[in-house]
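Below is one structure; the comments refer to it alone.
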Amino acid sequence: MLANHIKTIRGRILNTLFTELKRRNIFRVAGVYAVVGWILMQVAALLENSLNLPAWFDTVITAALLIGFPIALLMAWAFEMTPQGVKRTENVADGESITGQTGRKLDYSILGGLVLVAALVVGSRFMPQKMAAPEVPVVIVQAQADDTDEKQSIAVMPFEDFSSAKDQEYFANGISEELLNVLARIDGLRVSSRTSSFAFKERNASTKEIAEALNVKHILEGSIRKSGATLRITAQLIDTANDEHMWSETYDRPLTAENIFAVQDEIAAAIVAELKGRLSIGTIDEADRTASLEALELYLRAREQMQLRLPDTLNTAVAGYKQVIALDPEFAPAYAGLAVTYLLMRDYTNTSEEEAIRLAKPFVARALELAPNSAEALTAAASLALSENKTQDVLDFTKRAIAANPNYGLAYHRQGLAYGGLGEPEKALASFEEALDLDPLSAVLLLNVGVYQGRLGNQAAARATHEKNIKYNPNSPQGYAMIGEMKYENGDYAGAHTLFKDVQALNPELQSTRNSLRGIYVDAGLFDLAVTYAQTPDEKGALLVMRGDLEAARKIVKDDPDKASFTAILLGDTAVGYSEMRKQASQFNFVAYPVSQEFAGFMVTLAVVFQEQADSDGQILIDKLNVYFAEKTPADFINGDVLFGAGLLNVANGKPEQALPWFERMADVGYAWAGIENVSIPGMEALRQYPKWLEIEKRLNANAAKHRALIEAQLKNPKPNWVKNE
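Below is the structure:
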């Protein structure tokens, strides 16, 4: 009985509550709110795409609508419309209530909203749909011809990470770079390389500034947002001439590797359709892609670490690439990336060249096996051939790589290095400039262009290029190092030392900087410091000669003559030194090299050694050098190595007295040579009969003492970031 009575009371209460909810139009308000809210969410998504609003815009609108829903219901319960306006429900007399009229209006609103929703849903089925990209992109041709013959150009800026935790920067960078690689396959489109585009990542640069620096007509920018198993990629194409948005799109997809590649292909197809001119997308080898999302993410992380070119990041890259290969043994870019990383470790870590080659070789072979026509795999093979001094192979591989992808700047770079090795500096510079056109802010390319400008005698252009490198790459060592070399060559030892120590702070294991510091310390007579940077037998032997420990130097030559050829020459033993110098001359074609300030001193040494050993190339070199110096005087130079070479050339020509003004100029410009009295390069013994030469030797030692004092003062009060010499 009691239970039935409770049930009856509960039923009456619920019935009364339901009746009151209907009377107060709560259900109708909920219906209107749901319909209007859905429409507002569609409008928010549309505005986000068309106005290029941040990816969180529609999320904020949806959250606001959800928060507002219970508030709207509470307001409908607590307040009521009357002929006198809005009143609290409890204050409305029975005769004043018009809830019935309000309810009918709400019904009409719901019906109108539902009609609009139906129209949107049905209409969308008949509107053109964006087709999913095929697994291998088809060739797409834009019929409209361009008004100009100038090549279309684009830069892909690093996409922004709009993920809530802001922990997907590597993924955003990787998507940008993968998209760049897809665009690079578009025939007729010049794509600025990653290094230059990403240089603007932390800068608040305008579209105009970016366009001028990268020399491009268009910019592609965008964002990514990962949320659970969902990925959103937003991209927009900008015309740099007027800063107008030509196209934009947002892609919401389940997070899979296949969908990531599909979106990249769709963006590339859209860009082809937007840009004027006949552009086509080349096919992409299946071996260049992976179906594993985990492998793709690890690959993007490893590649980003490799590009930083620091000892720790290169080791991290090696581990990452190995994980990728374990997950997807058919993914060719991982093998190519691992091989290139090993070869980079030769220059940026203490890894020897022999070890780097041994480690890289099997991965180059596997990359070529999987993707024989991939520009990335072919350029990795060129890098290996370069390390093995197989110059013609380098040219063959780079030619194929450029044919496969004319936008692959690294292939032009390797080609330039090969031409440099063949003694063709003009061709080398042309290749480096081709690469620089694709990657205008690359620290490595600016370094090479500046070096070869100097080798071809354009010192002003070389300095301007190195200064540009410092401007755009303030955290990269290359620009500082080359300005340091120029200071060093021109007698500013303390200034050069400061720059080299700054560079060493950026990467303590950078071999070129260690060599430069060793050279300065030897010249200035800081032998105890120099020995910490001497690694090879030749480096240790040369140091011993300058120090005056000639017996120890001779022992090094005796124990390892092939690796101590320069030490042998300093000791006057040209027979031992000749074989190695002959090998180098043949390998790098120094005899065919044009004479320049950079190589003049070395070429004279080569010439006198060859002459001593009755090698006919010695006279060929001497004749070329005589032509170079014929119209020049000591006053034309401040580079000590060039001045020494010109003096030694006069000795080789049988004119030792005419050599003395050149040597005297060395002392005048501040050139230092601690321990020069211990050196017996061919021709120097003949000079020692002249009191003037003995005076010059003393002055060169005095210059060394002066520079030594300045450098010691710097080291007593080092900059906080300087690496301690140990």
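Residue numbers for the sequence shown follow my numbering, beginning at 47 and rising by one.
Cβ coordinates follow ideal geometry from the N, Cα and C atoms, glycine included.
What's the gap between the Cα of residue 254 and the Cα of residue 476?
Stepping through the sequence shown from its first residue, residue 254 is reached at position 208. Stepping through the sequence shown from its first residue, residue 476 is reached at position 430. Going from the Cα of residue 254 to the Cα of residue 476 covers about 27 Å.
How many whole angstroms separate the CB atoms of residue 608 and residue 626, which I take to be in contact at a CB cut-off of 8 Å?
On the sequence shown, residue 608 is found 562 positions in, with the first residue counted as 1. On the sequence shown, residue 626 is found 580 positions in, with the first residue counted as 1. Correct: roughly 6 Å between the Cβ atoms.
Have a look at residue 398 and residue 392 and give me their C-alpha separation to the nearest angstrom.
Along the sequence shown, read from residue 1 onward, the residue named residue 398 stands at position 352. Along the sequence shown, read from residue 1 onward, the residue named residue 392 stands at position 346. Near 6 Å, if we compare the C-alpha coordinates of residue 392 and residue 398.
For residue 726, which residues from the same chain have a beta carbon less than 8 Å from its beta carbon, with the 5 sequence-adjacent residues on both sides left out?
Against the sequence shown, residue 726 aligns to sequence position 680. The answer, listed in chain order, is 616, 617, 618.
Would you kindly work out how many angstroms separate the C-alpha atoms of residue 379 and residue 349, rounded to a whole number?
Taking the first residue of the sequence shown as 1, we reach residue 379 at position 333. Taking the first residue of the sequence shown as 1, we reach residue 349 at position 303. Across the structure, residue 379 and residue 349 are spaced so that their CA atoms are roughly 10 Å apart.
Just grab the DSSP bridge partners of residue 296 for me.
Mapped onto the sequence shown, residue 296 falls at position 250. Per DSSP, 280.
Can you name, in chain order, every residue of its own chain whose Cβ lies under 8 Å from the Cβ of residue 590, other than the five neighbours on each side?
In the sequence shown, counting from the first residue as 1, residue 590 sits at position 544. The answer, listed in chain order, is 596, 598, 599, 602, 613.
State buried or exposed for residue 121, treating a residue as buried only when at least 16 other CB atoms are found within 10 Å of its CB.
Here the question's residue 121 lines up with position 75 in the sequence shown. By the 10 Å Cβ count, residue 121 comes out exposed.
Sorted by chain position, which residues of the same chain lie with C-beta nearer than 7 Å to residue 172's C-beta, five sequence neighbours on each side aside?
For the purposes of this step, residue 172 is taken as residue 126 along the sequence shown, with counting starting at 1. Caution applies to residue 172, whose pLDDT of 39 falls short of 50 and renders its modelled position unreliable; the model cannot decide the point.
By the 10 Å Cβ neighbour count, where 16 or more other Cβ atoms means buried, how is residue 740 classified, buried or exposed?
For the purposes of this step, residue 740 is identified with residue 694 of the sequence shown, where counting begins at 1. That one is exposed.
Between the alpha carbons of residue 449 and residue 374, how many angstroms are there, rounded?
Mapped onto the sequence shown, residue 449 falls at position 403. Mapped onto the sequence shown, residue 374 falls at position 328. Each residue's Cα considered, the two are about 27 Å apart.
I'd like the span of the beta strand (DSSP E) that includes residue 235, first residue to last.
As a working mapping, residue 235 is identified with position 189 in the sequence shown. First-last of the beta strand (DSSP E) with residue 235: 235-237.
Just how far apart, CA to CA, sit residue 362 and residue 353?
Along the sequence shown, one-based indexing puts residue 362 at 316. Along the sequence shown, one-based indexing puts residue 353 at 307. So the two alpha carbons sit approximately 11 Å from each other.
When DSSP builds the beta bridges, which residues end up paired with residue 206?
Taking the sequence shown and counting its residues from 1, one reaches residue 206 at position 160. Residue 206 is bridged to 269.
Within the same chain, show all residues whose beta-carbon is closer than 6 Å to that of residue 473, passing over the 5 residues directly before and after it, in chain order.
Counting from one through the sequence shown, the residue named residue 473 turns up at place 427. Excluding positions up to five away in sequence, the list reads 465.
Out of 295, 681, 654, which one is the CA nearest neighbour of residue 669?
Position 623 of the sequence shown, counted from the start, is the residue given in the question as residue 669. Selected option, being the one with the closest Cα: 654.
Taking contact to mean at least 3 C-beta pairs separated by less than 8 Å, is the region 266-284 in contact with the region 234-242?
Touching, no, given that fewer than three Cβ pairs across the two stretches are closer than 8 Å.
Kindly list the residues whose CB is nearer than 7 Å to the CB of residue 246, restricted to its own chain and excluding five residues on each side of it in sequence; keep chain order.
Working through the sequence shown from its first residue, we reach residue 246 at position 200. Once the five neighbours on either side are set aside, the close Cβ partners of residue 246 are 203, 256.
Under 8 Å Cβ to Cβ from residue 368, same chain only, skipping five residues before and after it: list those, please.
Reading the sequence shown from its first residue, position 322 is the one you call residue 368. Contacts found: 384.
Less than 8 Å between the CB atoms is what I'm expecting for residue 647 and residue 682, so what's the real figure, rounded?
Mapped onto the sequence shown, residue 647 falls at position 601. Mapped onto the sequence shown, residue 682 falls at position 636. About 15 Å separates the beta carbon of residue 647 from that of residue 682, a gap too long to meet the 8 Å contact definition.
Quickly, what does DSSP pair residue 201 with across the bridge? List them, please.
As a working note, residue 201 is residue 155 in the sequence shown. According to DSSP, residue 201 bridges with 265.
What separation, rounded to the nearest whole angstrom, lies between the Cα atoms of residue 753 and residue 747?
Counting from one through the sequence shown, the residue named residue 753 turns up at place 707. Counting from one through the sequence shown, the residue named residue 747 turns up at place 701. Cα to Cα, residue 753 sits roughly 10 Å from residue 747.
Taking all protein chains shown into account, do 16 or more other C-beta atoms lie within 10 angstroms of the C-beta of residue 643, making it buried, or fewer, making it exposed?
What you label residue 643 is simply residue 597 of the sequence shown in a count that begins at 1. Burial call: buried.
Can you give me the start and stop residues for the alpha helix (DSSP H) that residue 246 sits inside?
Start at 1 with the first residue of the sequence shown, and residue 246 comes out as number 200. Careful: residue 246 lies outside any alpha helix (DSSP H) and carries neither H nor E.
Can you list the alpha helix (DSSP H) stretches of 4 or more residues lying completely in the region 648-684, in chain order?
662-675
Please name the residue in 711, 703, 665, 673 whose C-alpha comes closest to that of residue 685.
Residue 685 sits at position 639 when you count from the first residue of the sequence shown. If we check each option's Cα against that of residue 685, 711 comes out closest.
Using three-state DSSP, classify residue 619 as helix, strand or coil.
Taking the first residue of the sequence shown as 1, we reach residue 619 at position 573. Reduced to three states, the DSSP call for residue 619 is coil.
Once DSSP output is grouped into helix, strand and coil, what is the label at residue 213?
On the sequence shown, position 167 is the one that residue 213 refers to. If DSSP states are grouped into helix, strand and coil, residue 213 belongs with coil.
Under 9 Å between the Cβ atoms of residue 431 and residue 454?
As a first step, residue 431 must be located in the sequence shown, where it is residue number 385. As a first step, residue 454 must be located in the sequence shown, where it is residue number 408. No; because the gap between Cβ atoms is not below 9 Å, this pair is not in contact.
Can you give the Cα-Cα distance for residue 759 and residue 744, rounded to whole angstroms?
Counting from one through the sequence shown, the residue named residue 759 turns up at place 713. Counting from one through the sequence shown, the residue named residue 744 turns up at place 698. A direct Cα-Cα distance of roughly 23 Å separates residue 759 from residue 744.
Identify which residue in 447, 434, 395 has its Cα closest to the Cα of residue 418.
On the sequence shown, position 372 is the one that residue 418 refers to. Checking every option, the nearest Cα to that of residue 418 belongs to 447.
Can the beta-carbon of residue 631 be found closer than 9 Å to that of residue 470?
What you label residue 631 is simply residue 585 of the sequence shown in a count that begins at 1. What you label residue 470 is simply residue 424 of the sequence shown in a count that begins at 1. Contact check for residue 631 against residue 470 fails: the beta carbons are separated by 9 Å or more.
Tell me where the alpha helix (DSSP H) around residue 693 begins and ends.
Counting from 1 along the sequence shown, the entry for residue 693 is found at position 647. Where residue 693 is concerned, the enclosing alpha helix (DSSP H) stretches over 686-698.
On the criterion of 16 or more Cβ atoms from any shown chain inside 10 Å, does residue 700 qualify as buried, or is it exposed?
Along the sequence shown, read from residue 1 onward, the residue named residue 700 stands at position 654. With fewer than 16 other Cβ atoms within 10 Å, it is exposed.
Are at least three pairs of beta-carbons, each pair with one atom in the region 275-284 and one in the region 525-535, less than 8 Å apart?
no
Smallest Cα separation from residue 345: which of 539, 541, 520, 221?
Stepping through the sequence shown from its first residue, residue 345 is reached at position 299. Of the listed residues, the one whose Cα sits closest to residue 345 is 221.
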